[in-house]
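Here the structure comes first, spelled out in structure tokens, and everything after it is commentary.
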Amino acid sequence: MLIYIFKRLLIAVPLIFGVLTLTFFIIRLAPGDPAAFFIQPGISPNVAEQIRAQYGLNDPLPLQYFKWLANVLQGDFGRSFSRAQQPVFDVIADALPITVTIAALTLVANFTFGILIGIISAVRQNTFLDRFLTVTALFFYSMPEFWFALMMIILLALKFPVFPVSGLNEIGAESYGTLGFLLDRFWHLVLPVTVLSINGAAGIARYVRGSMLEVIRQDYIRTARAKGLPEHVVIFKHALRNALLPVITLMGSSLPFIFSGALFIEVIFAFPGMGRVTVEAIFARDYPLIIANTFISGSLIVLGNLFADVLYAVADPRIKL
Amino acid sequence: MIEKSAGRSSVVFRLAGSLLILLALLTLSSCSRHNGSNGKGAKASAAMDSTLVIAMLGDADYLNPVIGATVTSSNIFGLIYPSLLQSEFDTTTGLMNYMALEKKLRAVTPGQGKKAPKGAVAKSWRLSEDHKSLTYILRNDAFWDDGKPIVSADFKFSYQLYGNPVIASARQQYLAELIGAEKGKVDFDKAIETPNDTTLIFRFYKPVPEQLALFHTSLTPLPAHRWKNVKPDEFRHSPLNLTPLGAGPYKLKNWKQQQEILLVSSRKSNLPKPGTIPAISFKVVPDYTVRVTQLQTGAVDVVENIKPEDFTALLKANSQIKIKTVGLRVYDYVGWSNIDQAEYRKNGTFKPHPLFGSARVRVALTNAIDRQAIIDGYLKQYGVICNNDISPSLKWAYNNRITPHPYDPAKASAILKSEGWLPGPDGILQKNGKRFSFVLYTNSGNARRNYASVIIQQNLRAIGIDCKLDVQESNVFFENLQSGKLDAWMAGWSIGLEIDPLDSWGSDLKKSRFNFPGYRNPRIDELCELAKQKMDPLEAKPYWLEYQEILHRDQPITFLYWIKETQGFSKRIEGEELNISGTFYNVDDWRLKPSANIAQ
Chain A
7 MLIYIFKRLL IAVPLIFGVL TLTFFIIRLA PGDPAAFFIQ PGISPNVAEQ IRAQYGLNDP
67 LPLQYFKWLA NVLQGDFGRS FSRAQQPVFD VIADALPITV TIAALTLVAN FTFGILIGII
127 SAVRQNTFLD RFLTVTALFF YSMPEFWFAL MMIILLALKF PVFPVSGLNE IGAESYGTLG
187 FLLDRFWHLV LPVTVLSING AAGIARYVRG SMLEVIRQDY IRTARAKGLP EHVVIFKHAL
247 RNALLPVITL MGSSLPFIFS GALFIEVIFA FPGMGRVTVE AIFARDYPLI IANTFISGSL
307 IVLGNLFADV LYAVADPRIK L
Chain B
96 MIEKSAGRSS VVFRLAGSLL ILLALLTLSS CSRHNGSNGK GAKASAAMDS TLVIAMLGDA
156 DYLNPVIGAT VTSSNIFGLI YPSLLQSEFD TTTGLMNYMA LEKKLRAVTP GQGKKAPKGA
216 VAKSWRLSED HKSLTYILRN DAFWDDGKPI VSADFKFSYQ LYGNPVIASA RQQYLAELIG
276 AEKGKVDFDK AIETPNDTTL IFRFYKPVPE QLALFHTSLT PLPAHRWKNV KPDEFRHSPL
336 NLTPLGAGPY KLKNWKQQQE ILLVSSRKSN LPKPGTIPAI SFKVVPDYTV RVTQLQTGAV
396 DVVENIKPED FTALLKANSQ IKIKTVGLRV YDYVGWSNID QAEYRKNGTF KPHPLFGSAR
456 VRVALTNAID RQAIIDGYLK QYGVICNNDI SPSLKWAYNN RITPHPYDPA KASAILKSEG
516 WLPGPDGILQ KNGKRFSFVL YTNSGNARRN YASVIIQQNL RAIGIDCKLD VQESNVFFEN
576 LQSGKLDAWM AGWSIGLEID PLDSWGSDLK KSRFNFPGYR NPRIDELCEL AKQKMDPLEA
636 KPYWLEYQEI LHRDQPITFL YWIKETQGFS KRIEGEELNI SGTFYNVDDW RLKPSANIAQ
């Protein structure tokens, strides 16, 4: 298996590199100018030109590429154009923990509730409970998340002010002490995590229900029941483990999401996470930051897929890598 | 079987039940935590009571006056750094006034002069007879927050930073009159002299009107002792940018990038005094709806640019909110290409645009557009018909004898007919086989312009003009506009408080960066030049009156409406004076009512 992982990682290098090269050229060919902000009345016409010179944008494209390449091979992805010339990985390092916290909480909630609801609907197939859960799940699954987020804010922050509207902490939260601060942070995360996970859990529940139904009809489940095993052992030990195989694929492909962030949640709840970094970088034509983001999310997609494949082998002894 | 399924479900239910209880507990604990913070959490409410919260769209770029280029940045660093002079926009005359501790440019009109001159580092100034040198006498009791005195060398040092092309300051045109600037490089040894710590002399290569001289020499200084070892190419990413050392009423306590900038009143400041409110938090809230919601819940105290359509709901939901307006500085317009842009780009020659090349046609288009309907439908009392780019707020220069072009489709049709545009078989006007059909471009994400563009489309269709609408991403739109690829577009403009329209209307299209329509009228160039030569702006008034008449007649673009910017304030704020020069212009004098007085 180690050899397999090593091979996969080796293939990933040229792949990610190709993606970065493509991104490099595409963003430079797209209309728009990183110095456009400085072309406005009241600002001397020289400024935009000086800024472009600083960014090295006046060089011919191939030269820009080779300069960039030389830097990247030394691990230097450059400094952000739009964010006070911070090194791009500093920008990402600021945003990443926030995104990871939200996404990790969301994923846990997603899979816990998704799997649970899926099991309930499968085990109680065609009962009122199953139909109720199915309809509810579909209802939330088809709801646009940004709208749902705004509705939750109106309901739970405006009409019944239980949760805060936005932000990561209260004003003056630093004075609460560590536990108080963490609780305050948690209280700020309830709405966004709920919004994100209700939608996701609904999707996962559909997967789990389908795969669980298939497994429950298998002969070995009947055998397990026939030999008098308690029902919870049958469901959780024999059925669930097999039914979760497709869910593992989902888990692997959720990895990039953890790091890329959910833009609308970050905009609506004013969290300075990765989604906002990426989109603001695109609007500002902040080339180094766009490329660094592509690098991060590209690597994670590759790793996520690899992770899912390895998990398969762990969960199912029939699969050999 | 029945028994089994009962067993199965009981397991599942037990599990689901315990999870539900867990969830309920979590929710409860968070609820009680929240109530605690409102009721018993004295600390938190004390923090709210002493903190003014201002919502902002995005973070400040730099809290450094040399390179901070956004309005947000200058609002904030303006509170941190000292200034040579205090400036104020006089709303009765529309003129800028500049004040040193013991001298004012103009007498203050009664009812004006809310800004105390105590904030100025300059004690007084003297402009030489020939208007070519300006000497400031600085006070000797002004100190940076670290206790070092603010001296004339700080100003000279800072101007060298402003003028350094490697630093690329957005304010380098303030140096345009200093000696050497006419040759492209300011000669700082000659242009700025500091014979002693309290004397600062600026020298110009040409006579400069006093008002402009004061405006251009009063850029915010940096403390030289702190910055002198920073190399120019490291200036933009120096860590010192994160810990600004100032002398103003506030100082930076904490900057959580992309989240919050927290300023606290600077107890030692005498420029003019420590800020009245103990702390000001500038919070980044990118989403408009959320900003408005936060104003409604009281989580923030100030939200700028609230859309008129939201006023009713907002004021109904929370009676503790007031809407204040400032203006008029911003207008929207429909731009028409006056020249054939393709021809100009290809051969550099000027040919009238086939559709919009004639001034009479452009006047007809203005006649055809119901500007009042746009104002009534969207801006309501917060919009005023716009005739040209001199704002009615600049009262000293505004020409109030101009009658706006009326909404008169019949007149528009008659003009177009006399210009040879006759209805074709499809109902669209035609001239020499060319249909009057074009695309009106605008940038995305502006609800007001979207609203206006639809009305314009209908208005034009009614007189037989085919106008298609297209919305482009802002960056793309701006690039297309600059490269002359658009025949007709809708955009907005925010005017400066000094009148200097050559950038927009100068005939030399290479120099006039914002003359997107390609409008050329030598008399406009002349008038701008004549006005510049007057040492007293009031003497230039006749030129500006004529300038406005010409623009009104030529309609290089269709000026639509001036916009009063509308800002939402919590009523717990007292003492706020909004001024055309900025919403936060006297924020150091604002006060907060204690929360006990705020009835929910």
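Top to bottom, those sequences are chains A and B. Per the working numbering, the first sequence runs over residues 7 to 327. Per the working numbering, the second sequence runs over residues 96 to 695. Here a beta-carbon is modelled for each residue, glycine too, at the ideal position from N, C-alpha and C.
Quick test of your reading: A/A211 and A/G124, contact by CB under 8 Å. State the CB separation rounded to the nearest angstrom. 4 Å
I'd like to know if A/Q224 contacts chain B, where contact means its C-beta is closer than 8 Å to some C-beta of that chain. no
Which runs of the alpha helix (DSSP H) at least 4 residues long sit entirely within the region 260–299 of chain A? Give them in chain order. 269–274, 280–289
Using a Cβ-Cβ distance cut-off of 8 Å, determine whether B/G670 contacts chain A. no
Rank A/V94, A/N299, A/S50, A/P323 by C-alpha distance to the C-alpha of A/I22 and give the top, closest one. A/N299
Since A/G38 meets chain B, which of its residues come closer than 7 Å, beta carbon to beta carbon? N570, V571, E574
Give the range of the beta strand (DSSP E) segment to which B/D562 is assigned. In the sequence as presented, Asp is not what sits at residue 562 of chain B; that position holds Cys. Where B/C562 is concerned, the enclosing beta strand (DSSP E) stretches over 561–567.
Validate contact between the region 570–587 of chain B and the region 399–413 of chain B using beta carbons, cut 8 Å, 3 pairs: no
Helix, strand or coil for A/D39? Go by DSSP, reduced to three states. coil
Beta-carbon contacts of A/A319 that lie in its chain and below 8 Å, excluding the five residues immediately before and after: M7, I325, K326, L327
Limits of the beta strand (DSSP E) - the one that B/M191 falls within: 190–195
According to DSSP, residues forming a beta bridge with B/I416: B/S665
Ordered along the chain, which non-local residues of its own chain (more than five positions away) have a Cβ less than 8 Å from that of B/G601? S607, N610, I619, D620, C623
Cutoff 8 Å: A/P51 Cβ touching any chain B Cβ: yes
Alpha carbon of B/V535 to alpha carbon of B/W322, nearest angstrom: Checking the sequence, you will find Leu at residue 535 of chain B rather than Val. C-alpha separation (whole angstroms): 49 Å.
Where DSSP assigns a beta bridge to B/D427, which residues make up the other side? B/G587, B/Y656
Sequence ranges, beta strand (DSSP E) only - wholly within the region 58–112 of chain A, length at least 3: none
For B/V380, would you say it is in contact with chain A, using Cβ-to-Cβ distances shorter than 8 Å as the test? yes
Which residues in chain B have a C-beta closer than 7 Å to the C-beta of A/V171? List them in chain order. V385, T388, Q389, T392, A394
Same chain, Cβ closer than 8 Å to B/A237, neighbours up to 5 away in sequence not counted: P177, V216, P244, I245, A342, N365, L366
Candidates B/D241, B/W431, B/N192, B/G422: which alpha carbon is nearest B/T338's? B/D241
Interface residues of chain A facing B/P260 [CB-CB closer than 8 Å]: N52, Q56
Cα-Cα, which of B/A454, B/P518, B/I590, B/I418 is closest to B/C481? B/I590
For the region 478–550 of chain B, list the alpha helix (DSSP H) runs that are entirely contained and at least 4 residues long, ordered along the chain. 504–513
Inter-residue Cα distance where the pair is A/D315 and A/Q60: 45 Å
Let me see if you follow: with CB-CB separation under 8 Å, is B/A265 close to chain A or not? yes
Short check: CB of B/S145 to CB of B/A394, under 8 Å? no
Neighbouring residues, chain B, relative to A/L197 (Cβ below 8 Å): In chain order: nothing, as chain B lies at least about 10 Å away.
Answer yes or no: does any C-beta atom of chain A fall closer than 8 Å to that of B/P689? no
To the nearest angstrom, report how far apart A/G281 and A/F270 are at their CA atoms. 8 Å
Identify each residue in the region 123–134 of chain A for which the Cβ-Cβ distance to at least one residue of chain B is less than 8 Å, and report them in chain order. I125, I126, V129, R130
Please specify which runs of the alpha helix (DSSP H), each continuous and at least 4 residues long, are wholly inside the region 102–168 of chain A, giving them in chain order. 134–147, 151–159
Are the beta-carbon atoms of B/Y426 and B/F654 separated by less than 8 Å? yes
Give me the subset of the region 148–163 of chain B whose CB atoms are less than 7 Å from a CB atom of chain A, sorted by chain position. V148, D156, Y157
Is there a C-beta anywhere in chain A that falls below 8 Å from the one on B/D598? yes
Got a sec: is the Cβ-Cβ distance from B/N336 to anything in chain A below 8 Å? yes
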